[in-house]
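Respectively, the protein sequence lines represent chains A and B.
In terms of this note's numbering, the first sequence opens at residue 2 and continues consecutively.
In terms of this note's numbering, the second sequence opens at residue 2 and continues consecutively.
Number of protein chains: 2
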Amino acid sequence: MAELITIDDPADPRLGDYTCLTDVELRRRREPAEGLFIAEGEKVIRRARYSGYQMRSMLLSAKWVDTMRDVIDEVPAPVYAVSPEVAEQVTGYHVHRGALASMERRPLPDASELLADARRVVVMEAVNDHTNIGAVFRSAAALGMDAVLLSPDCADPLYRRSVKVSMGAVFSVPYARLEQWPRDLETVRERGFRLLALTPDAKAEDIDVVAPHRMERVALMLGAEGEGLSTRALVAADQWVRIPMAHGVDSLNVGAAAAVAFYAVTAGRPVA
Amino acid sequence: MAELITIDDPADPRLGDYTCLTDVELRRRREPAEGLFIAEGEKVIRRARYSGYQMRSMLLSAKWVDTMRDVIDEVPAPVYAVSPEVAEQVTGYHVHRGALASMERRPLPDASELLADARRVVVMEAVNDHTNIGAVFRSAAALGMDAVLLSPDCADPLYRRSVKVSMGAVFSVPYARLEQWPRDLETVRERGFRLLALTPDAKAEDIDVVAPHRMERVALMLGAEGEGLSTRALVAADQWVRIPMAHGVDSLNVGAAAAVAFYAVTAGRPVA
Numbered sequence: 002m003a004e005l006i007t008i009d010d011p012a013d014p015r016l017g018d019y020t021c022l023t024d025v026e027l028r029r030r031r032e033p034a035e036g037l038f039i040a041e042g043e044k045v046i047r048r049a050r051y052s053g054y055q056m057r058s059m060l061l062s063a064k065w066v067d068t069m070r071d072v073i074d075e076v077p078a079p080v081y082a083v084s085p086e087v088a089e090q091v092t093g094y095h096v097h098r099g100a101l102a103s104m105e106r107r108p109l110p111d112a113s114e115l116l117a118d119a120r121r122v123v124v125m126e127a128v129n130d131h132t133n134i135g136a137v138f139r140s141a142a143a144l145g146m147d148a149v150l151l152s153p154d155c156a157d158p159l160y161r162r163s164v165k166v167s168m169g170a171v172f173s174v175p176y177a178r179l180e181q182w183p184r185d186l187e188t189v190r191e192r193g194f195r196l197l198a199l200t201p202d203a204k205a206e207d208i209d210v211v212a213p214h215r216m217e218r219v220a221l222m223l224g225a226e227g228e229g230l231s232t233r234a235l236v237a238a239d240q241w242v243r244i245p246m247a248h249g250v251d252s253l254n255v256g257a258a259a260a261v262a263f264y265a266v267t268a269g270r271p272v273a
Numbered sequence: 002m003a004e005l006i007t008i009d010d011p012a013d014p015r016l017g018d019y020t021c022l023t024d025v026e027l028r029r030r031r032e033p034a035e036g037l038f039i040a041e042g043e044k045v046i047r048r049a050r051y052s053g054y055q056m057r058s059m060l061l062s063a064k065w066v067d068t069m070r071d072v073i074d075e076v077p078a079p080v081y082a083v084s085p086e087v088a089e090q091v092t093g094y095h096v097h098r099g100a101l102a103s104m105e106r107r108p109l110p111d112a113s114e115l116l117a118d119a120r121r122v123v124v125m126e127a128v129n130d131h132t133n134i135g136a137v138f139r140s141a142a143a144l145g146m147d148a149v150l151l152s153p154d155c156a157d158p159l160y161r162r163s164v165k166v167s168m169g170a171v172f173s174v175p176y177a178r179l180e181q182w183p184r185d186l187e188t189v190r191e192r193g194f195r196l197l198a199l200t201p202d203a204k205a206e207d208i209d210v211v212a213p214h215r216m217e218r219v220a221l222m223l224g225a226e227g228e229g230l231s232t233r234a235l236v237a238a239d240q241w242v243r244i245p246m247a248h249g250v251d252s253l254n255v256g257a258a259a260a261v262a263f264y265a266v267t268a269g270r271p272v273a
């Protein structure tokens, strides 16, 4: 059972995990270095625990103590009860979800480990927007993608905003980083995956014609909003696929494009 | 050719169309009542004009005058050049896109008029989040949906945030309001459309099995994020369809779900 500790001083060092949460640059350096990430709100905290992450501590507004009572009773980590004002002074924003938890990161699996059991994987290149990373994980979970592989320059799926937008899907969809980019795509291919690069390029084939849901193993490659996949990533792919689009409009945003592509890869739709 | 007028006084009544842009409640009442909407940023302003909307006036930071020179030369509306400080005092925020235009609304077409030429329409019920409305229009445009019908309680597609998120797709995808809800769905059905209600309900059929891309005329009904379609809307539908989802996760967000459903409805058919 957790110890419930009331803290009135925002400078108390026990609240160190929660300082300056709105300083994205600081937090994206600090959190991986210190082996922690922040889960925000009751639902996300419960999902992190359910997925096996260990809690370092929890920070609650007093009125959330009852709601989180069962969690408090179960975890050995200290629970800090603070006023909304202290929470805001520590974190830098009004914590309207009332509950924050500092969770212990786990070592990421190797890509080859993930690929052993997977049939449908997402490969993201240089997606460095936390909202987009979160949105892609949420859709990947909902549509049954088995794993995510990230190029070295993708943003951190465990950053607070990514976790929130993903609705906790970053905990349930396993992911790994590819160290050598794009060279490590070769490993993916060797495991029997067909590398499909999603691109609006006119030379790409319509994804509904390619019918990737009939393929044994598919690795679907996605680039960042705007730029898309790099030339070297496109060159490393086995095949280019595009979502058939109407003329004269901007492409889908990366979240919508990913959702459509995951559907095309996973659903057993008979093609006309 | 527009008159270029420098204004230093944020209280100048000629800037009346642009006041308090961050006050959502005020603007959502004022704009339809006064027959205007606000287009923000060079790209969106150009798209509004390209789609035939008349300009009432434009408000520019001085450094945007050169970029917008061709528009200034073409439109008869007055163009107000202001400093970034005056722009912020008038609008209530830092206008980092540097250009705002007040555009004249047009009367909406009747639903029956839109339906005459359409084969794929979206019907939204109670989608009152401006971001979601914009996202749905963007995907509808990209994936070739022909028109959008809105229940009486849907938010305004021409609200600034909807316009921005849609990347201007609210100008290119024609839309109408249904006055009687859900009774006017009967009109849609009488025009030969099959009413498909998108719902995560277990009693719905998988959309890939239903194969709506083979149907002659489809009206795809979407509800708001969270609540989904109301019971009376579900009852009024011809058939319930669902996107096949993995277990144990929250459903797709409404933007992603809409994109997948539009793809399922439009792909595989020869685009006109």
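For every residue, glycine included, the Cβ atom is placed at its ideal position computed from N, Cα and C.
Small disclaimer: the values here were computed from a predicted structure and weren't measured.
Euclidean distance between Cα positions of B:Val272 and B:Ala156: Here residue 272 of chain B corresponds to residue number 271 of the second sequence, with the count starting at 1. Here residue 156 of chain B corresponds to residue number 155 of the second sequence, with the count starting at 1. Only weak support exists for where B:Val272 lies, its pLDDT of 41 falling under 50; the value from the coordinates is given anyway. Their backbone Cα atoms lie some 30 angstroms apart in a straight line.
Those runs of the alpha helix (DSSP H) which lie wholly inside the stretch 152 to 200 of chain B and span at least 4 residues: Within the stretch 152 to 200 of chain B, the complete alpha helix (DSSP H) runs of at least 4 residues are 161 to 166, 170 to 173, 186 to 191.
Helix, strand or coil at B:Val72 [DSSP, three-state]: Here residue 72 of chain B refers to the residue found at position 71 when the second sequence is read from its first residue. Reduced to three states, the DSSP call for B:Val72 is helix.
Close Cβ partners of B:Leu116 (< 6 angstroms) along its chain, the five nearest in sequence each way excluded: On the second sequence, residue 116 of chain B is found 115 positions in, with the first residue counted as 1. Arg192.
Neighbour flag for A:Ala237 against chain B, beta carbons, 7 angstroms: Against the first sequence, residue 237 of chain A aligns to sequence position 236. So, not an interface residue.
Beta carbon of A:Arg274 nearer than 7 angstroms to that of A:Pro183: Past the edges of chain A, shown from 2 to 273, lies residue 274 of chain A, and the structure says nothing about it.
Among A:Lys165, A:Tyr51, A:Leu5, the one whose alpha carbon lies nearest that of A:Asp74: Walking along the first sequence from the start, residue 74 of chain A turns up at place 73. When A:Lys165, A:Tyr51, A:Leu5 are compared, the shortest CA-CA separation from A:Asp74 is found for A:Leu5.
Spatial distance of A:Val25 from B:Leu196 (CA atoms): Looking up residue 25 of chain A in the first sequence gives position 24. Looking up residue 196 of chain B in the second sequence gives position 195. If you draw a straight line from the Cα of A:Val25 to the Cα of B:Leu196, it comes to about 46 angstroms.
Coil, strand or helix - A:Asp239 by DSSP: Stepping through the first sequence from its first residue, residue 239 of chain A is reached at position 238. In the structure shown, A:Asp239 adopts coil according to DSSP, grouped into three states.
B:Arg28, enclosing beta strand (DSSP E) - first and last residue: What you label residue 28 of chain B is simply residue 27 of the second sequence in a count that begins at 1. From DSSP, B:Arg28 is part of no beta strand (DSSP E) but of the alpha helix (DSSP H) over 25 to 35.
Residue span of the alpha helix (DSSP H) that contains B:Ser140, given as start and end: As a position in the second sequence, residue 140 of chain B is number 139, starting the count at 1. Here the alpha helix (DSSP H) through B:Ser140 covers 131 to 143.
A:Ser252: contacting residues in chain B (beta-carbon distance under 7 angstroms): For the purposes of this step, residue 252 of chain A is taken as residue 251 along the first sequence, with counting starting at 1. Chain order gives the chain B residues near A:Ser252 as Ala143, where near means a beta carbon separation below 7 angstroms.
Cβ-heavy atom distance, A:Arg184 to the ligand NAD, below 6 angstroms: As presented, the structure is devoid of all ligands, the ligand NAD included, so that no description of it is given.
Assigned secondary structure, A:Tyr264 (DSSP; H/G/I helix, E/B strand, else coil): Within the first sequence, the letter at position 263 stands for residue 264 of chain A. The answer is helix: DSSP assigns A:Tyr264 an H, G or I state.
Beta-carbon neighbours of A:Ser52, restricted to chain B and to distances below 9 angstroms: If you number the first sequence from 1, residue 52 of chain A lands on position 51. Per Cβ cutoff of 9 angstroms: no residues; A:Ser52 is ~11 angstroms from chain B at best.
Member of A:Pro14, A:Arg29, A:Thr20 whose CA lies at the smallest distance from the CA of A:Ser163: Counting from 1 along the first sequence, the entry for residue 163 of chain A is found at position 162. Put simply, of A:Pro14, A:Arg29, A:Thr20 the residue whose alpha carbon is nearest the alpha carbon of A:Ser163 is A:Arg29.
Integer-rounded CB distance, given that B:Val255 should sit under 8 angstroms from B:Val137: For the purposes of this step, residue 137 of chain B is taken as the residue at position 136 of the second sequence. For the purposes of this step, residue 255 of chain B is taken as the residue at position 254 of the second sequence. Right, the Cβ-Cβ distance comes to about 7 angstroms (below 8 angstroms), so this counts as a contact.
Interface flag, B:Val255 vs chain A, CB-CB below 7 angstroms: Translated into positions along the second sequence, residue 255 of chain B becomes position 254. B:Val255 is outside the set of residues whose beta carbon lies under 7 angstroms from a beta carbon in chain A.
Spatial distance of A:Ser103 from A:Ala12 (CA atoms): Position 102 of the first sequence, counted from the start, is the residue given in the question as residue 103 of chain A. Position 11 of the first sequence, counted from the start, is the residue given in the question as residue 12 of chain A. A:Ser103 and A:Ala12 have their C-alpha atoms some 17 angstroms from each other.
Anticipated Cβ contact below 8 angstroms, A:Pro110 with A:Pro33, distance rounded: Taking the first residue of the first sequence as position 1, residue 110 of chain A is located at position 109. Taking the first residue of the first sequence as position 1, residue 33 of chain A is located at position 32. The Cβ separation is near 16 angstroms, so there is no contact.
Local Cβ density within 10 Å of B:Thr68, reported as buried at 16 or more and exposed below that: Translated into the one-based positions of the second sequence, residue 68 of chain B becomes position 67. Classification of B:Thr68: exposed, given that the 10 Å Cβ count is below 16.
Proximal residues, the stretch 204 to 225 of chain B versus chain A, C-beta separation under 9 angstroms: Correct list: Asp207, Ile208, Asp209, Val210, Ala212, His214, Arg215.
Members of the stretch 114 to 130 of chain B that neighbour chain A once the beta carbon cut-off is set at 8 angstroms: From the stretch 114 to 130 of chain B, no residue has a Cβ closer than 8 angstroms to chain A.
Under 7 angstroms by beta carbon: chain B residues contacting A:Ser140: What you label residue 140 of chain A is simply residue 139 of the first sequence in a count that begins at 1. Result: Leu253, Ala257.
Neighbour flag for A:Ala268 against chain B, beta carbons, 7 angstroms: Numbered from 1 along the first sequence, position 267 holds the residue referred to as residue 268 of chain A. Residue contact with chain B for A:Ala268: present (Cβ-Cβ distance below 7 angstroms to some residue of chain B).
Assumed close pair A:Leu159, A:Ala112 - CB separation to whole angstroms, cut-off 8 angstroms: Against the first sequence, residue 159 of chain A aligns to sequence position 158. Against the first sequence, residue 112 of chain A aligns to sequence position 111. For a cut-off of 8 angstroms, the C-beta gap from A:Leu159 to A:Ala112 is around 17 angstroms, too long to register as a contact.
Residue from B:Glu105, B:Val87, B:Gly93 whose Cα sits closest to the Cα of B:Leu22: Taking the second sequence and counting its residues from 1, one reaches residue 22 of chain B at position 21. Checked all of B:Glu105, B:Val87, B:Gly93; the closest Cα to B:Leu22 is B:Gly93.
Whole-angstrom distance between A:Ile134 and A:Ala212, CA atom to CA atom: Residue numbering aside, residue 212 of chain A sits at position 211 when the first sequence is read from its first letter. Residue numbering aside, residue 134 of chain A sits at position 133 when the first sequence is read from its first letter. As the crow flies, the alpha-carbon of A:Ala212 is around 25 angstroms from that of A:Ile134.
Bridge partner(s) assigned by DSSP for B:Ala100: Position 99 of the second sequence, counting from 1, holds the residue named residue 100 of chain B. According to DSSP, residue pairing for B:Ala100 in a beta bridge involves B:Leu61.
The alpha helix (DSSP H) enclosing A:Thr92, as first and last residue numbers: Taking the first residue of the first sequence as position 1, residue 92 of chain A is located at position 91. First-last of the alpha helix (DSSP H) with A:Thr92: 85 to 92.
Identified DSSP bridge partners for A:Arg121: As a working mapping, residue 121 of chain A is identified with position 120 in the first sequence. Answer is A:Val219.
Classification of B:Pro153 by the beta-carbon crowding that lies within 10 angstroms, buried from 16 upward: Taking the first residue of the second sequence as position 1, residue 153 of chain B is located at position 152. B:Pro153 is exposed by the Cβ-count criterion.
Same chain, Cβ closer than 6 angstroms to B:Ser252, neighbours up to 5 away in sequence not counted: Position 251 of the second sequence, counted from the start, is the residue given in the question as residue 252 of chain B. In its chain, beyond the 5 residues on either side, Pro201 have a beta carbon closer than 6 angstroms to the beta carbon of B:Ser252.
First and last residue of the uninterrupted alpha helix (DSSP H) at B:Ile208: Reading the second sequence from its first residue, position 207 is the one you call residue 208 of chain B. Segment 208 to 211, the alpha helix (DSSP H) holding B:Ile208.
Three CB pairs or more closer than 8 angstroms across the stretch 74 to 88 of chain A and the stretch 116 to 131 of chain A: In short, these stretches do not touch, since the Cβ pair count stays below three.
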